[in-house]
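J.: Residue numbers (numbering that gives the first Met the number 0): 0 to 83.
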Amino acid sequence: MFYTYILYSASLDIYYKGFTTDIDKRTEYHISGKSKYTSKSKDWIIVYYHLFVSKTEALIEEKRLKKLNRASIEKIILNFNSNK
């Protein structure tokens, strides 16, 4: 299984989009500062994720998410959290 995900850092007020096969391990990777981009903060939280069966589907979704503006990202997150 493959996940696309969005992380949020309140201290930086930014979103990070990515994909992985292990969302918990990947989040810990970001929080621990092992990723150059996310190493500037340690308060990253998962605000959105979507599960895919194929790697291709997950990568397509990751690329789509990375092209979206902030308002579109926040709408996706709001819809995700309201459906929980």
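The beta-carbon is built from N, C-alpha and C at its ideal position, and this holds for glycine as well.
CA-CA distance, Y14 and M0?
T.: What you label residue 14 is simply residue 15 of the sequence shown in a count that begins at 1. What you label residue 0 is simply residue 1 of the sequence shown in a count that begins at 1. So the alpha carbons of these two residues sit roughly 23 Å apart.
J.: Can you name the start and end residues of the beta strand (DSSP E) that K54 belongs to?
T.: By one-based count along the sequence shown, residue 54 stands at place 55. Per DSSP, K54 belongs to no beta strand (DSSP E); it is in the alpha helix (DSSP H), 54-66.
J.: Count the CB pairs spanning the stretch 13-33 and the stretch 63-74 that are closer than 8 Å, and state whether there are at least three.
T.: Touching, yes.
J.: Using the three-state DSSP reduction, which class does S10 fall into: helix, strand or coil?
T.: In the sequence shown, residue 10 corresponds to position 11, counting from 1. It is coil, neither helix nor strand.
J.: Provide the residue(s) that pair with F51 in DSSP beta bridges, ordered along the chain.
T.: Working through the sequence shown from its first residue, we reach residue 51 at position 52. Looking at the DSSP assignment, F51 forms a beta bridge with F1.
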